[in-house]
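Numbering (this note's numbering), first residue to last: 4 to 109.
Here is the structure:
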């Protein structure tokens, strides 16, 4: 635990852990622990996975898969937005160019 860290006690799968986090991040850590507990409990209750360690690994893999899927979708969305923004910029520049030419003729 670093000197700047805040010690927070969290509970996951009926076990308590003391974890350090940056000041002001305590609520986010507690929420993360709550979600992890729910996900691990769901994996346990599904009955397909035995043992806390295996439940933790399966849950972590599922969470990472979801993260990677969302990150990929975000990257695709960012690329589409950048492309759209580029087309809008080109239209604006073309419009301003035509306007400038019209003003020079007058």
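In this text, a Cβ means the ideal position worked out from N, Cα and C, and glycines have one as well.
These figures come from a predicted structure and were not determined experimentally.
Proximity winner among 25, 39, 77, 81, relative to residue 65 (alpha-carbon distances)
Residue mapping note: residue 65 aligns to position 62 of the chain shown, counting from 1. Nearest to residue 65 by alpha-carbon distance, out of 25, 39, 77, 81, is 39.
Distance, residue 96 Cα to residue 21 Cα: Counting from 1 along the chain shown, the entry for residue 21 is found at position 18. Counting from 1 along the chain shown, the entry for residue 96 is found at position 93. Taking the straight line from one Cα to the other gives about 57 angstroms.
message: Looking at the secondary structure, which residues open and close the beta strand (DSSP E) in which residue 10 lies?
response: The count along the chain shown starts at 1 and reaches residue 10 at position 7. Residues 9-15.
| Through-space distance from residue 12 to residue 31, alpha-carbon basis | In the chain shown, the residue the question calls residue 31 occupies position 28. In the chain shown, the residue the question calls residue 12 occupies position 9. Taking the Cα positions, residue 31 is about 13 angstroms away from residue 12.
* To do: Identify the continuous beta strand (DSSP E) that holds residue 18 and give its terminal residues.
  => On the chain shown, residue 18 is found 15 positions in, with the first residue counted as 1. First-last of the beta strand (DSSP E) with residue 18: 18-24.
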